[in-house]
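Okay, so the sequence shown: first residue is 252 according to the numbering used here, each after it adds one. C-beta: ideal position from N, C-alpha, C; glycine also.
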Amino acid sequence: MMVYRGKFSDEMERLYGNVNTLGHECYNRLRGSTDILSSQNTEYARKLVADDFRINRLEEEINTQAINLITTQQPVATDLRLIISSIKVADDLERISDNISNLGEVRKRVRITNERLLLRLSTMENLALLMLADVKTAYDTENIELCTEIIMRDEDIDALFVQITTSDIFEETDAFLTGQSQLCAKYLERIGDHIKNMAEHVFYVLTGDKHESGKQMK
Numbered sequence: 252m253m254v255y256r257g258k259f260s261d262e263m264e265r266l267y268g269n270v271n272t273l274g275h276e277c278y279n280r281l282r283g284s285t286d287i288l289s290s291q292n293t294e295y296a297r298k299l300v301a302d303d304f305r306i307n308r309l310e311e312e313i314n315t316q317a318i319n320l321i322t323t324q325q326p327v328a329t330d331l332r333l334i335i336s337s338i339k340v341a342d343d344l345e346r347i348s349d350n351i352s353n354l355g356e357v358r359k360r361v362r363i364t365n366e367r368l369l370l371r372l373s374t375m376e377n378l379a380l381l382m383l384a385d386v387k388t389a390y391d392t393e394n395i396e397l398c399t400e401i402i403m404r405d406e407d408i409d410a411l412f413v414q415i416t417t418s419d420i421f422e423e424t425d426a427f428l429t430g431q432s433q434l435c436a437k438y439l440e441r442i443g444d445h446i447k448n449m450a451e452h453v454f455y456v457l458t459g460d461k462h463e464s465g466k467q468m469k
């Protein structure tokens, strides 16, 4: 029995390690992603898009590992909650990575030079980076209050999205460039939503209850 629990514990640690690695990879992909929008060349944008395949493979590995744990180890309720939440967190991270790739796709089409717009987009990125780092901290320290704080901080990203898409900061007369700029804001807003989802998953793992904030991203 002790051997059985030891093996299960090792597998749970490996699952956590893989989810942690996936989060770290997404953090590194997000960091500096808005800088490429004004870059003189598209080399980094193309690399940003191409590297998404590693995220997809790691998410698939996490899903396979989690399903194997459920079907072969018959985990108790607390462990089952953690395993299922790991699948959901991995899905949100994969979608975050997709939206980061979308920023790279925009740079392949256009170059954004409006300084006020770039400042707001980079602020959205920095807010998302802080939220993403704090999700790991909330889980590692079992900080329920921090989970709630992260969920509320998504409103700051939403406010910037509204500001970008409804204000008069667009000085360009090129409608296509304006549309692509608004797409960038949308991708970053979605990233914030997925990080909010992750905080809700951690809240559920720690408390056994769903957070009372609203809907999750589909």
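Supposed close pair residue i, residue j - CB separation, criterion 8 Å
{"i": "residue 445", "j": "residue 346", "result": "5 Å"}
{"i": "residue 457", "j": "residue 393", "result": "6 Å"}
Chain-order list of residues whose beta-carbon lies under 8 Å from that of residue i (same chain, five-residue window excluded)
{"i": "residue 455", "result": "332, 336, 461 and 462"}
{"i": "residue 473", "result": "The first residue shown for the chain is 252 and the last is 469, placing residue 473 beyond what the model contains."}
{"i": "residue 267", "result": "337"}
Euclidean distance between Cα positions of residue i and residue j
{"i": "residue 349", "j": "residue 273", "result": "13 Å"}
{"i": "residue 265", "j": "residue 259", "result": "10 Å"}
{"i": "residue 271", "j": "residue 387", "result": "8 Å"}
{"i": "residue 397", "j": "residue 300", "result": "32 Å"}
{"i": "residue 367", "j": "residue 324", "result": "54 Å"}
{"i": "residue 303", "j": "residue 294", "result": "15 Å"}
{"i": "residue 451", "j": "residue 277", "result": "18 Å"}
{"i": "residue 261", "j": "residue 434", "result": "43 Å"}
{"i": "residue 443", "j": "residue 263", "result": "27 Å"}
{"i": "residue 415", "j": "residue 395", "result": "32 Å"}
{"i": "residue 389", "j": "residue 292", "result": "38 Å"}
{"i": "residue 252", "j": "residue 305", "result": "At residue 252, the pLDDT of 44 sits below 50, so the modelled position is not reliable; the number obtained from the coordinates is stated separately. Roughly 37 Å between the two C-alpha positions."}
{"i": "residue 465", "j": "residue 330", "result": "For residue 465, the pLDDT reaches just 49, beneath the cut-off of 50, and the residue's location in the model is therefore unreliable, leaving the point undetermined."}
{"i": "residue 290", "j": "residue 365", "result": "12 Å"}
{"i": "residue 407", "j": "residue 356", "result": "25 Å"}
Beta-carbon proximity of residue i to residue j, cut-off 8 Å
{"i": "residue 401", "j": "residue 425", "result": "no"}
{"i": "residue 281", "j": "residue 379", "result": "yes"}
{"i": "residue 438", "j": "residue 344", "result": "no"}
{"i": "residue 326", "j": "residue 318", "result": "no"}
{"i": "residue 432", "j": "residue 363", "result": "yes"}
{"i": "residue 269", "j": "residue 320", "result": "no"}
{"i": "residue 391", "j": "residue 447", "result": "no"}
{"i": "residue 359", "j": "residue 296", "result": "yes"}
Contacts around residue i, its chain only, beta-carbon distance under 7 Å, and the 5 residues preceding and following it disregarded
{"i": "residue 307", "result": "345"}
{"i": "residue 453", "result": "386, 389, 390 and 398"}
Cβ-based neighbour list, residue i, same chain, cut-off 6 Å, excluding 5 preceding and 5 following
{"i": "residue 467", "result": "In this predicted model, residue 467 has a pLDDT of only 45, less than 50, meaning its place in the structure is not dependable; the value taken from the coordinates is given anyway. Correct list, in chain order: 448."}
{"i": "residue 383", "result": "278 and 446"}
{"i": "residue 469", "result": "Below a pLDDT of 50, predicted positions are generally treated as unreliable, and residue 469, at 39, falls in that range; the measurement from the model is reported next regardless. Cβ neighbours of residue 469 beyond the five flanking positions: none."}
{"i": "residue 361", "result": "428 and 431"}
Q. Is there contact here, the region 402–419 with the region 363–378, by at least three beta-carbon pairs under 8 Å?
A. yes
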